[in-house]
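Residue numbers (my numbering), protein chains in the order written: chain A, 1331 to 1638; chain B, 185 to 504; chain C, 58 to 338.
Where is the CB? At the ideal position from N, CA and C, for every residue including glycine.
Here the structure is a predicted model, which is why all the values come from computation and not from measurement.
The structure appears below as structure tokens.
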Amino acid sequence: MFSFAIRRLLLLIPVFLVVSMIIFMIIHLVPGDPIDNIVQIGSSPEQIAQLSAKYGLDRPLLTQYAIWFRRLLAGDLGDAIILRQPVTSLIAQNLPHSLALGGLALIFSTMVGIGAGALAAIFRESALDRAVMTLILAGSTVPSFWLGLLMILIFAVQLGWFPVSGARSWQALVLPVMTVGLGGVALVARVTRVAMIDIARKDFVLMLHAKGLSRARIQLAHVLRHALVPVVTILSLRIGWILGGAVTIEFVFARPGLGSLLITSLNQRDYPVVQGCLLMLAIAVMLGTLLGDLVQAAMDPRVRDSVA
Amino acid sequence: MALLTVQDLSISIGRLAPLDSISFAVDAGEILGIVGESGSGKSLTAMAVMGLLPLIGGEIESGTIRFDGVDLTSLDEAAYRRLRGRRIALITQNPMTSLDPLMRVGAQIDQVSRLHLGLTADAAMRRSVDLMQQLRIPEAKTIHGQYPHQMSGGMKQRIVIAMALAADPQLIIADEPTTALDVTIQAQIIQIMVELVRERGLALILITHDMSVVAQACDRVVVLYAGRVAESNAVDAIFAHPRHPYTRELIRCIPREGQAPGSLKGIPGLVPSVTAYPSGCRFHPRCGDAQARCARDAPTLEDTDAGAVACHFSPGVGDG
Amino acid sequence: MRLSGPWRKVLRSPRGGSAALGLAIVVFCAVFAPWIAPYAYDIQNLPGANRAPSIAHWLGTDEFGRDLLSRIIHGARTSLTVGVASISASVLGGMALGAAAGYFGGAFDRAVTAIVDLTWSFPEILIALILIAIIGPGLQSTMIAISIGYLAQFTRLTRAQIMALKGETYVEATINLGAGSFHVMFRHLLPNALPPVIVAGMLATGDAIILEATLGFFGLGAQPPTPSWGAMMSSGTAQIFIAPWTIIFPGVAIAATVIAINLFGDAVIDALDIRGRLRES
């Protein structure tokens, strides 16, 4: 298990290098002089020269990348142009909010999705099955930000149960978490249902019946456990998707977080912040995928023994 | 009275009728072989006795299954569950797929004794390891903690046998237990099963398509063809005097030492599909002795002291 | 136009038929927008801003007094154009890459697979945001960003198809008879690989429309005054308390369009019986 984790971690390093290279290049690919994209408005020529030297803007591209990467490892992501703060502190302020939203949404998706999918599978071909799956279909074809807006309209504006926006209380988390979570529920429920129906047909399930176990126990203790494997697989592949959803929803609900920060700085052309946010999101996606792989290996002994 | 008596059992799956009036019996300490080609309905018989037909969308149309005096067809699901694994155990065809891949094999054996005998985890483990050793599994304690994918087919089948024995059943139904295994392992597994049955006085139904396995291991045999019983008798008698044309062909097909090269022949024709059973005697299209009558009338099973046979023309049966 | 078997099957089924009808309406709106919209989409009427739905304005007005119905009809143009154009480009690019990788194998295949796997775990929106960070917001940028975002999916799918088909005996036979790569690829492999890829493309168009709306919502898509369903909802949030319809109706338009696309795509998958071929590995 440990060696599996190490192998997986090592595989991520080249990915991280490539992604960081692309993000680094943003400043150089955007039209205009690179220095203009990182310098704060109203800087004196001396300050501009200083910054230029700091980032080695007169050196070859590869060297610049090396400098940037080294600073990155030291925790220095530059300074925001508009807000005049170090990017790292901006990220530090916003990251916890995003993690809370993303993490809770993931838990929500998983639990509700597995529950719905299992129900549909156990009572397959019944009215309950069809009802659940239709709801799921409806939920997955709706753009998430519209869903978020609708939820605000119904639960915040009309019913007044939750705040419309912001992050001042735990209640402010409920609607955003549900909105992001519902997006994932459809996928999880569908995979759970298909997996459970598929697995119930297998030989070893027949054996379980032949051993005298009850249907309930077979479904819940055995079939469901098997179904969790493809669910974790799909979740680990789609972790990025949940993060993407979180980015959007933060913006919709005007919540602080990496997502809002990213969108705002994109609109304001504050490239150091954009780079910092994208980097963090990319790291989050990679770590999330790694976590998914590890959980999968923990659950399915066959994965542990497979080659990388 | 025999331990298990199946009388005129007919099964339907949807609109198909794969088994028609099957009858056989097996006693404690006896090994009964059910033999037939694929598609003859052998596995369905096992499923029917276990009460697992609903899992494949089938049901019992008519007939009785008496086990130790109780008519199984009248049992409710809860009562049947107490029987399965405890007094009647099943060994399925493919050991590669009959074990739960996410569970350690030892735990899968323990499961049976914990469920039916109420043993604690430790007691169950000791019992399982003991069983595994009887089945000649080396390093039983280590194997107990391993996963199915870490072992060979032969080993897995021994685990499945251990699972079947864990609750001290009276009857074991083994559905083609060696078909999926290497030839060298097949003989071993059959031998183990025969020994266990003799030692413990169990009844064993051995379902197979291989007449040589029957010759090796069984006391009595039932020959199935296209969902009907063709012949049934004691093994020695049936090999000495096969009375149904199909049985004769089956015996003829067994490869023998010293056979001339190129002399191995099969039975001409194909096993009929359950959607298109021939009229009258279902074997008539492939039978060398078929006559006009065979296509019209289905022969009834004539049960005498010399065994049972369903053929219009077999020696000793009514009009010849 | 003679309707061949599968198409008739699709249109006959309740799902496929109603979905096709819905799609037809959307396409009609998109193509004939200037002629069927009751008002021009950019006529402002500030005194009449934020009016609820009425006889004069079936879906109400937005914060500038513009007729919502007309803006939504014109928005169909933006969404469909972006969706269809981006995905078409993505499919073409993906097929080219995937077919080459699957057919020729070797180092090229490994390189392509590595890049595809890299982008595979990243959500399309993140890729789109990175690209927009580089090329700036706007309608064209959105199209480019979406095309590249979905490239990985079609590359993988095509590659899987080509590799599966390559192993078919009739292909081996054709090659053994001396057919050149070009012939094999264009005469045998690609035509057979087409159906699942086309259907995947259809379904991806729905996602792409949502992505376009999302980017529009962020203000990074089509810039005003071009109507875009996403941007409409974005400006509608300021009026959420007094004019919720400015948010609801554009959303309904998107949802209806995407549901129609998904149902239609699903019906086609069933009619052509290619559900198994949509696996990507």
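With DSSP run on the structure shown, which of helix, strand or coil describes residue i?
i	result
residue 1307 of chain A	Only positions 1331 to 1638 of chain A appear in this structure, which leaves residue 1307 of chain A out of reach.
residue 1406 of chain A	coil
residue 416 of chain B	strand
residue 328 of chain C	helix
residue 217 of chain B	strand
residue 191 of chain B	strand
residue 98 of chain C	coil
residue 1369 of chain A	coil
residue 246 of chain B	strand
residue 274 of chain C	helix
residue 427 of chain B	coil
I'd like to know whether the C-beta of residue i is nearer than 9 angstroms to at least one C-beta of chain B.
i	result
residue 1645 of chain A	Because chain A spans 1331 through 1638 in this model, residue 1645 of chain A falls outside it and cannot be assessed.
residue 1622 of chain A	no
residue 1294 of chain A	No statement about residue 1294 of chain A is possible, as the shown extent of chain A runs from 1331 to 1638 and does not include it.
residue 1632 of chain A	yes
residue 1400 of chain A	no
residue 1546 of chain A	no
residue 1540 of chain A	yes
residue 1534 of chain A	yes
residue 1555 of chain A	yes
Excluding the 5 residues flanking residue i on each side, which residues of the same chain have their C-beta closer than 6 angstroms to its C-beta?
i	result
residue 273 of chain B	348, 353, 356
residue 1525 of chain A	1557, 1560
residue 1595 of chain A	1603, 1604
residue 316 of chain B	324, 346
residue 1446 of chain A	1462, 1519
residue 214 of chain B	387, 403
For the alpha helix (DSSP H) containing residue i, name the first residue and the last one.
i	result
residue 1394 of chain A	1391 to 1403
residue 1433 of chain A	1417 to 1452
residue 1487 of chain A	It is not in any alpha helix (DSSP H) - residue 1487 of chain A carries neither H nor E in the DSSP assignment.
residue 1380 of chain A	1375 to 1384
residue 1458 of chain A	1457 to 1470
residue 343 of chain B	337 to 349
residue 525 of chain B	Nothing in the structure corresponds to residue 525 of chain B, since chain B is present only between 185 and 504.
residue 296 of chain B	289 to 301
Would you say residue i faces chain A, with C-beta separation under 9 angstroms as the test?
i	result
residue 298 of chain C	yes
residue 284 of chain B	yes
residue 296 of chain B	yes
residue 265 of chain B	yes
residue 341 of chain B	no
residue 476 of chain B	no
residue 126 of chain C	no
residue 181 of chain C	yes
residue 232 of chain C	no
Please go through the same chain and pick out, in chain order, the residues whose beta-carbon is closer than 8 angstroms to the beta-carbon of residue i, but skip the five residues on each side of it.
i	result
residue 1637 of chain A	Its pLDDT being 46, under 50, residue 1637 of chain A is placed unreliably in this model, and the value from its coordinates should be taken loosely. Around residue 1637 of chain A: no qualifying Cβ.
What are the boundary residues of the beta strand (DSSP E) that residue i is part of?
i	result
residue 208 of chain B	200 to 210
residue 404 of chain B	404 to 409
residue 359 of chain B	355 to 359
residue 274 of chain B	272 to 275
residue 84 of chain C	Looking at the DSSP string, residue 84 of chain C is not in any beta strand (DSSP E); the run it does join, the alpha helix (DSSP H), is 71 to 93.
Could you confirm whether any beta carbon from chain C is found closer than 9 angstroms to the beta carbon of residue i?
i	result
residue 1345 of chain A	yes
residue 1331 of chain A	no
residue 1424 of chain A	no
residue 1591 of chain A	no
residue 1512 of chain A	no
Who are the Cβ neighbours of residue i in its own chain at under 7 angstroms, not counting the five residues just before and after it?
i	result
residue 296 of chain B	269, 347, 350, 351
residue 473 of chain B	429, 497
residue 182 of chain C	268, 271
Interface residues of the region 357 to 391 of chain B facing chain A [CB-CB below 7 angstroms]: none
Cβ-based contacts, 9 angstroms cut-off: residues of the region 1378 to 1395 of chain A near chain B: none
Residues, ordered as in the chain, of the region 1557 to 1583 of chain A that lie near chain C by beta-carbon distance below 9 angstroms: So the list reads 1566, 1567, 1568, 1569, 1570, 1571, 1572, 1573, 1574, 1575, 1577, 1578, 1581, 1582, given in the order they occur along the chain.
Contacting positions in the region 275 to 293 of chain C - beta carbon closer than 7 angstroms to chain A: 275, 276, 277, 290
Interfacial residues, the region 152 to 170 of chain C to chain A, with Cβ spacing under 8 angstroms: none
Cβ-based contacts, 7 angstroms cut-off: residues of the region 305 to 330 of chain C near chain A: 308, 311, 312, 315, 316, 319
Residues of the region 1498 to 1526 of chain A whose Cβ lies closer than 8 angstroms to any Cβ of chain C, in chain order: none
Interfacial residues, the region 1462 to 1477 of chain A to chain C, with Cβ spacing under 9 angstroms: Those would be 1467, 1468, 1470, 1471, 1472, 1473, 1474, 1475, 1476, 1477, in chain order.
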